[in-house]
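Notes follow the structure.
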Amino acid sequence: MKRNMPYKGGRKNVYTHLHIQSGYSLLTSTVKITELVAKAKADGCTSLALTDRNVMYGSVYFYKECKRQGIKPIIGILADVLDERESPHGLLLLAKSLQGYQNLLKISSAIKTKSPSGIPMNWLKAYSRGLIAITPGAEGQIETLLREGNPEEAKQAAERFLQIFGHDNFYVSIQRLSIADEEKGNEAISQLARDLEIKIVATNPVYYLNESDALAHEVLLAIGNGDKLADETHTVLESDQFYLKSRAQMAELFHDRPDALENTLHIDAQCNLEIPFHRSLLPKYPTEDGVTAEEMLEAICFQGLKKRLPEPSIQYEERLRYELDIITKMKFSDYFLIVWDFMKFAKDHQILTGPGRGSAAGSMVAYVLSITDVDPIEHSLLFERFLNPERVSMPDIDIDFPDNRREEVIAYVAKKYGELHVAQIITFGTLAAKAALRDTGRVFSLNSKEQEAVSKMIPGRLGITLPEAFKESKRLREFVNESDLNQKLFQTALLLEGLPRHASTHAAGVVISDQALTEHIPIQGGHEGIHLTQYPMDLLEELGLLKMDFLGLRNLTLIDNILNNIKKGTGKKLDLSHIPMDDPETLALLGRGETTGVFQFESDGIRKVLIKLKPNRFEDIVAVNALYRPGPMENIPLFIERKHGLAPIDYLHEDLKDILEPTYGVIVYQEQIMQIASRLAGFSLGEADLLRRAVSKKKKDVLDQERQHFVSGSLKQGYSEKTADEIYSLIVRFANYGFNRSHAVAYSFIAYQLGYLKTHHPEYFMAALLTSVVGNDEKISQYIREAKKKGIMVLTPSINRSGYPFLPEKEGIRYSLGAIKGIGGTVLKEIFAARRQKKFADLFDFCLRVSGKIVNRKVLEALVHSGAFDEFGEDRATLLASLDVAINHTELVNPDDDLFDMFSDGEFSLKPKYNRVEPIPIEHKLSLEKSALGLYLSNHPVTSYRELFQHFGCLTIDEATNKKESKVLLGAYITSVKTIRTKKGDVMAFLSVSDEEGDIEAVVFPNVYKNHSADLNHGQLVMLQGTLEERDGKTQLLIRNVYPLERVKQMKEEKNGTVFLKIEAGKQTKDTLQKIKKILMQHSGETKVMLFYERENRYVQLSYWDWVNPTDSLMQALFDLVGKGNVVYKKE
2 MKRNMPYKGG RKNVYTHLHI QSGYSLLTST VKITELVAKA KADGCTSLAL TDRNVMYGSV
62 YFYKECKRQG IKPIIGILAD VLDERESPHG LLLLAKSLQG YQNLLKISSA IKTKSPSGIP
122 MNWLKAYSRG LIAITPGAEG QIETLLREGN PEEAKQAAER FLQIFGHDNF YVSIQRLSIA
182 DEEKGNEAIS QLARDLEIKI VATNPVYYLN ESDALAHEVL LAIGNGDKLA DETHTVLESD
242 QFYLKSRAQM AELFHDRPDA LENTLHIDAQ CNLEIPFHRS LLPKYPTEDG VTAEEMLEAI
302 CFQGLKKRLP EPSIQYEERL RYELDIITKM KFSDYFLIVW DFMKFAKDHQ ILTGPGRGSA
362 AGSMVAYVLS ITDVDPIEHS LLFERFLNPE RVSMPDIDID FPDNRREEVI AYVAKKYGEL
422 HVAQIITFGT LAAKAALRDT GRVFSLNSKE QEAVSKMIPG RLGITLPEAF KESKRLREFV
482 NESDLNQKLF QTALLLEGLP RHASTHAAGV VISDQALTEH IPIQGGHEGI HLTQYPMDLL
542 EELGLLKMDF LGLRNLTLID NILNNIKKGT GKKLDLSHIP MDDPETLALL GRGETTGVFQ
602 FESDGIRKVL IKLKPNRFED IVAVNALYRP GPMENIPLFI ERKHGLAPID YLHEDLKDIL
662 EPTYGVIVYQ EQIMQIASRL AGFSLGEADL LRRAVSKKKK DVLDQERQHF VSGSLKQGYS
722 EKTADEIYSL IVRFANYGFN RSHAVAYSFI AYQLGYLKTH HPEYFMAALL TSVVGNDEKI
782 SQYIREAKKK GIMVLTPSIN RSGYPFLPEK EGIRYSLGAI KGIGGTVLKE IFAARRQKKF
842 ADLFDFCLRV SGKIVNRKVL EALVHSGAFD EFGEDRATLL ASLDVAINHT ELVNPDDDLF
902 DMFSDGEFSL KPKYNRVEPI PIEHKLSLEK SALGLYLSNH PVTSYRELFQ HFGCLTIDEA
962 TNKKESKVLL GAYITSVKTI RTKKGDVMAF LSVSDEEGDI EAVVFPNVYK NHSADLNHGQ
1022 LVMLQGTLEE RDGKTQLLIR NVYPLERVKQ MKEEKNGTVF LKIEAGKQTK DTLQKIKKIL
1082 MQHSGETKVM LFYERENRYV QLSYWDWVNP TDSLMQALFD LVGKGNVVYK KE
């Protein structure tokens, strides 16, 4: 092939793409790495570069994908470089070698941590080794200067780059993108290159994969900029040629510049990076001179053992020496010292730590170092489940801290090991199906309602994709096929789905490195001065960096706050490590399912399990924690039956009894599988863990191989082949079901501790629990009801006594000022600062002592509506009517916030008066209170009419949901109404209704809604007749009839009399009662029914469901059933 002829295929290496940005150049490229590499391979490319702007988020993913597809990866970035005027210009930088890659790490890190506008030229020079630099086209410094008519400055800039990189590593690029004056620019830079003997390379910036993706790229830019396609100012590229062209297309484009094509191959040949994986980059703990990490760890461990157990048995000492020996052999001593050190910091600074998490709770070393608080011998936990000497893997200790103090520990670690040695871990939020469709819809000018409607067409299944949604949702298919525009919108969303949208911080992950992190990974600025890795967690572990999880656990914050409440209220410091773990009252509370606020045990389902199980030992709590999850859940009925002696316990073999006895013969834990393999097949616990892992993968060839291994070992131990085969089959069955016992025990500690605190310190528990959900009105309402059930009153907020948290008082729990709507941190600080001097005497005193700019009229109204000023002794209507007086008085007396200080209390005689008005009607007062608190606190609208509703046999919502019968009658307040149209076009409604004891969701089907739509409005009091049903684990009411309050009042006044039925002792059978009920149902009406039970000598009024029309036929039917002398109709 002649060099000046168009490329016609057949030659492998004619061109290499060197300028490609992926989706990891956030919201500026639609290129997905897997699709990019696949397309390049299909075109016959043998090499490919990735050059995201300033970041390396996708570099290792790209590297691995290229290697997998048999393509050589070239790693680079498009770096912003600052010129002499500190203006940024792009420069392509490609790594020739590992040294070049490490310099890319440093350049990217420098831009993302210290110099966000770009890297200064002197820094670039310092990090230039092992790199090739290429001017990127129009945005490059040289190109910009030439375009602006400054050839001399352009030459000087080029000479600077030559000085930094040398002639062999610096290139200028030319492009052919069908842009105006492009050839003029190409000629100018070619001339400069000839003058300075700089090599020229042909490039084609890639921002999207295919030519047809140009619109999707335009939409992505609009998403990033908050624009719409209809906006005249939205960003549009000058050309539609920024796609991955084939080698043939590039050869055709530059057929007259074979040198520019050839130079891509020269660059390609120079770039031969091999990224090292799976290295051990564990950090070193700074020990004293001459002391090894192993010696230091052993000394601290035996000191810790003495603290835990002043006279430890040989079993404890042997276990500790065994674990230390394995840790030493695996070279993990430094790791344990690092964890011990920051845990010591936490304890020294009164930062509560969790009892343990995951398999680390099975380590004696972790226990004696006070990393965990679970005794592994007492609880039969296995070290090998945590650290297996027969399977080399990184140790993984996850630590729980209170979520409000976790940052303190991370900051300590960063300070101790250096800011370049510690970082939190990045995660990426992606454009998932709903977000992709919603964002694309906005760019296509759909309004917010339309965006929401389209988004709702996607089924709510977790992880669903747009193609799956299109297949599953008829509404979505109809929308897409409705118009060409909708099809274009959907096709665009399909291209954008899955792209990274933003970077954020992983909830727990932290990496610590011996060397500066930038030797191995790129970093960027993070939160509170702690850097963030540019690589996500999975890649960090592959590269060999140590990852630790510092988790913020809300329940530890809750425990911490409860303990602080107890200390403030009683003066005593409660040590949870010394509470009895077999406390009958705590176990009884758990057995009653009273677990609101108890970690792991709050769901309705697990409460039912606890009620049936009736735990009477801590071991039962651990088992429930392990069993209550998909899969093992099916063993819960058997577990309960065996516990209560209702089913025989089968251990399969007597030798397994001590392993399975704690769980009544049911395999619950992974550790039990390991113990069975060790006992029967003679496996070491390390081998047993390998068996557990292998079997859990459910691969037939592996299962068959391991069966042979297990049976062979069991035969050697003297067991029969039949026994070994049966038990192996059991192991296979339970391998996926078994739960990590170490984790179950550790987390059951937290649950038990909360249960103990709730049992013995309920007011302190409930105060802290309420504080933990400030901002969540539904949870606050739920917890207030729970407190009332325990006889603990929640008092209205008080301007003089309330704080930010809910506070325990003698009379009950004082409502939080911070939980009032519109009362933010600045307002609270102002109020608390003024209150420190002395209590507020009245509304006028309050207004005088706080800043009117901070505590404005809106805030004052919220405080009045909430009841915070009730203690001033004035009705809320009077307080509201007096706000103007108070505000005007403040402005008169204290216009500059300091005039009032000129008067002493005795000298100042201007005493404003309240503007007293009629009290607000109770319903309106409560409505305003709800607007301020998000709930009814001082009273409830239903309370005033409770007696009226009881006349008709109405239950409270709490009574109804705990009643076994499905038919109920409720007096309730409608808190929300949502109507929809059915497929047939009929209107139905979903309601939320409440009373003083609870709330419930209700459904009104079309036939009922048609007759009662006028009575179903927000804020109405109604009597509801309906049936209860369970749906998705929640109880809901299916409404059959609706009676507005006025109708209920009329019904009571109608005085339709009462039918009295006497049930003789001999006839008080289930059969008789069912027959009575059937007769009453056949004659329903407006006359109430009263039963008298002769045996118990008691009256029972039936609910309105069973009221009757006292016709002759009714009376005759009742005479026939219970006797004429036992039926009386009494008119009122």
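For the sequence shown, the working numbering begins at 2 and goes up steadily by one. Backbone N, C-alpha and C fix where the C-beta goes; we use that ideal spot for every residue, glycine too.
Query	Result
Per-residue burial, K113 [other beta carbons within 10 Å of its own, 16 or more giving buried]	buried
Every unbroken beta strand (DSSP E) inside the stretch 177-254 [3 residues or more]	200-203
D702, buried or exposed, once every other Cβ within 10 Å from all chains shown has been counted against 16	exposed
Length at least 4, wholly inside the stretch 348-426: the alpha helix (DSSP H) runs in chain order	365-369, 407-418
Distance CB(L796)-CB(S867) smaller than 8 Å	no
Cutoff 6 Å; reference E787; Cβ partners in own chain excluding five residues on either side	T597
Sub-8 Å separation of I133 and I276 beta-carbons	no
Classification of V791 by the beta-carbon crowding that lies within 10 angstroms, buried from 16 upward	Reading off the sequence shown, one finds Lys at residue 791, where the question assumed Val. Classification of K791: exposed, given that the 10 Å Cβ count is below 16.
Best match in E1055, E1095, R462 for proximity to E1065 [C-alpha to C-alpha]	E1095
Straight-line Cα distance separating P649 from R643	6 Å
Minimum Cβ-Cβ distance from T29 to chain B less than 8 Å	Judged by its chain identifiers, the structure shown contains no chain B, having just a single protein chain.
Whole-number beta carbon distance between F750 and D374, since they are thought to touch under 8 Å	7 Å
Length of the line joining the Cα atoms of S721 and L383	27 Å
Sequence-distant residues of the same chain with beta carbon closer than 7 Å to G510, five excluded per side	Q425, I426, M538, K548, D550
N-terminal and C-terminal residue of the beta strand (DSSP E) that V1101 is part of	1099-1102
6 Å CB neighbourhood of G363 in its chain, flanking five on each side removed	P377, L382, L383, F384, R386, F387, S743
Assigned exposure category for P942 - 16 Cβ within 10 Å defines buried	buried
Endpoints, the alpha helix (DSSP H) within which G499 is located	First-last for G499: undefined, no H or E at that position.
Contact set for I459: own chain, Cβ-Cβ below 6 Å, skip 5 residues either direction	A434, K435, A470
Expected contact under 8 Å - CB spacing of I327 and P390 to nearest Å	5 Å
Cutoff 6 Å; reference L929; Cβ partners in own chain excluding five residues on either side	H866
Among G825, A887, G819, nearest to R850 - alpha-carbon criterion	A887
Cβ distance (whole Å) where N1042 is taken to contact Q1026 below 8 Å	4 Å
Nearest-angstrom Cα separation, counted from K854 out to Y996	In the sequence under discussion, the amino acid at residue 996 is Asp, which differs from the Tyr named in the question. Each residue's Cα considered, the two are about 38 Å apart.
From L1017, T1112, S109, S977, residue whose alpha carbon lies closest to that of Y536	S109
K1068 versus A1118: straight-line alpha-carbon distance, rounded	16 Å
C-beta atoms of G45 and R258 nearer than 8 Å	no
Cβ pair count under 8 Å reaching 3, the stretch 138-151 against the stretch 557-569	no
Y738 versus I398 - alpha carbon distance	23 Å
CB contact flag (E299, L283, <8 Å)	no
Contact check, V32 vs V207, beta carbons under 8 Å	yes
Outcome for N1098 when other beta-carbon atoms lying within 10 angstroms are tallied against a minimum of 16	exposed
Cβ-Cβ distance between L808 and G954 below 8 Å	no
Per-residue burial, I411 [other beta carbons within 10 Å of its own, 16 or more giving buried]	buried
For R177 and A437, the rounded distance between their alpha carbons	32 Å
DSSP bridge partner residues for A494 (one or two, in chain order)	None; A494 has no bridge partner.
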